[in-house]
Ligand SMILES: Cc1cc2nc3c(=O)[nH]c(=O)nc-3n(C[C@H](O)[C@H](O)[C@H](O)COP(=O)(O)OP(=O)(O)OC[C@H]3O[C@@H](n4cnc5c(N)ncnc54)[C@H](O)[C@@H]3O)c2cc1C
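Residue numbers (the working numbering): 11 to 304.
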């Protein structure tokens, strides 16, 4: 690693001041489980930083609260272990608990943050499809003030986000789940643990009051496009329909069409597309069954 300055502010304002004062060439450091590895490899994914600003002591990134009407506030600085073990998350947003609970080893989960997972902008990030399916919004704070945007608009490409110099992702806002709803995330990896998703699929469904039709369907895919994506045509094909095996299979086939996978060391494009179909169908069935059971 090459030398760099390290700042450890104790508040969000102090962190923003450091970026303002020091100018270009700085980078936020959360758990460091992506960034430190990238720096050790020479930082070729981005210009080598002149300074790092640690986010670990910022209380503003550690919000965690539930409100019946507003839903969940989830600080970007919470670790995967904290997210995966939180009761609100486990009970109301199980897809997110699934994703956070898969990140690396126990040691990785104790360091890695949910904000870092999203800001690193890997198409395979395990909390990205769950957050998309759960319709998370991202709060961004920077020198020009604050903005709130749907997470879907956060990524521009692999390793690229809408964040400008000196801007920080501070928290996620997740709307409350509807009655009779359920969500799930699964990934396919050759190894069960310590591996990166070849494909990740998250679904969130809600049934109507009688439990006969699907009121809401969200399907999000990881590792099959330059960024995590929503399979919007597949969602629309199922919404308002009875959840018959045929309708579910049709939606899964549409999700396959919406995927734009590439072939790489982890798997071919054909394998990825096949997995999208199989996994989407299975997850929809399981989520609908769970929503029925309440
Ligand atoms: C052994 C190992 C196993 C892993 N397994 C998995 C896995 O199974 N699934 C998976 O998805 N990932 C995995 N990862 C990758 C990594 O752990 C996650 O992406 C992690 O969530 C990154 O979070 P972090 O807090 O460590 O981020 P950092 O490494 O600190 O930061 C990552 C990037 O985000 C930026 N950043 C961080 N926080 C903010 C913020 N609040 N605002 C603005 N920018 C910010 C940083 O500048 C940097 O560019 C693994 C990594 C290791 C080392």
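We put the CB at the ideal spot given by N, CA and C, even for glycine.
At a cut-off of 7 Å, would you count residue i as near ligand 1, judging by its Cβ distance to the nearest heavy atom?
| i | result |
| --- | --- |
| residue 33 | no |
| residue 28 | no |
| residue 83 | no |
| residue 219 | no |
| residue 47 | yes |
| residue 239 | no |
| residue 113 | yes |
| residue 86 | yes |
| residue 255 | no |
| residue 152 | no |
| residue 11 | no |
| residue 41 | yes |
| residue 44 | yes |
| residue 168 | no |
| residue 52 | no |
| residue 135 | yes |
| residue 37 | yes |
| residue 155 | no |
| residue 179 | yes |
| residue 123 | yes |
| residue 127 | yes |
| residue 130 | yes |
| residue 71 | yes |
| residue 90 | yes |
Give the range of the alpha helix (DSSP H) segment to which residue i is assigned.
| i | result |
| --- | --- |
| residue 290 | 279 to 303 |
| residue 109 | 104 to 110 |
| residue 89 | Element bounds for residue 89: n/a, residue is neither H nor E. |
| residue 15 | Taken as a continuous stretch (DSSP letters only), residue 15 belongs to no alpha helix (DSSP H), being part of the beta strand (DSSP E) at 15 to 17. |
| residue 181 | Careful: residue 181 lies outside any alpha helix (DSSP H), inside the beta strand (DSSP E) at 178 to 184. |
| residue 126 | 124 to 129 |
| residue 236 | No alpha helix (DSSP H) holds residue 236; DSSP gives it neither H nor E. |
| residue 160 | No alpha helix (DSSP H) holds residue 160; the beta strand (DSSP E) holding it covers 155 to 160. |
Assuming residue i and residue j form a contact by the criterion Cβ under 8 Å, report the distance between their Cβ atoms to the nearest whole angstrom.
| i | j | result |
| --- | --- | --- |
| residue 240 | residue 230 | 5 Å |
| residue 84 | residue 182 | 5 Å |
| residue 169 | residue 55 | 6 Å |
| residue 215 | residue 192 | 6 Å |
| residue 293 | residue 211 | 6 Å |
| residue 79 | residue 186 | 7 Å |
For the beta strand (DSSP E) containing residue i, name the first residue and the last one.
| i | result |
| --- | --- |
| residue 231 | 224 to 232 |
| residue 64 | 61 to 64 |
| residue 150 | 147 to 152 |
| residue 193 | 191 to 198 |
| residue 39 | 36 to 39 |
| residue 249 | Per DSSP, residue 249 belongs to no beta strand (DSSP E) and is neither H nor E. |
| residue 172 | It is not in any beta strand (DSSP E) - residue 172 carries neither H nor E in the DSSP assignment. |
Given the structure, does residue i come close to ligand 3, in the sense that its CB is under 7 Å from one of the ligand's heavy atoms?
| i | result |
| --- | --- |
| residue 204 | Of the ligands one can find in the structure shown, namely ligand 1, none is ligand 3. |
Of all the CB atoms in chain C, is at least one closer than 8 Å to the CB of residue i?
| i | result |
| --- | --- |
| residue 198 | Any reference to chain C falls outside this structure, which holds one protein chain only. |
Query raised in the report: So, do the stretch 250 to 264 and the stretch 165 to 183 have three or more beta carbon pairs nearer to each other than 8 Å?
Result: no
Query raised in the report: Counting pairs of beta carbons, one from the stretch 102 to 114 and one from the stretch 60 to 73, are three or more of them closer than 8 Å?
Result: no
Report task. Please confirm if the stretch 191 to 207 is in contact with the stretch 50 to 67, defined as three or more CB-CB distances below 8 Å between the two stretches. Result -> no
Query raised in the report: For the stretch 157 to 173 against the stretch 125 to 132, are there 3 or more C-beta pairs whose distance is under 8 Å?
Result: yes
Query raised in the report: Does the stretch 190 to 198 come close enough to the stretch 288 to 298 that 3 or more CB-CB pairs lie under 8 Å?
Result: yes
**Report entry** the stretch 153 to 163 / the stretch 216 to 228 touching (three or more Cβ pairs under 8 Å)
**Finding:** no
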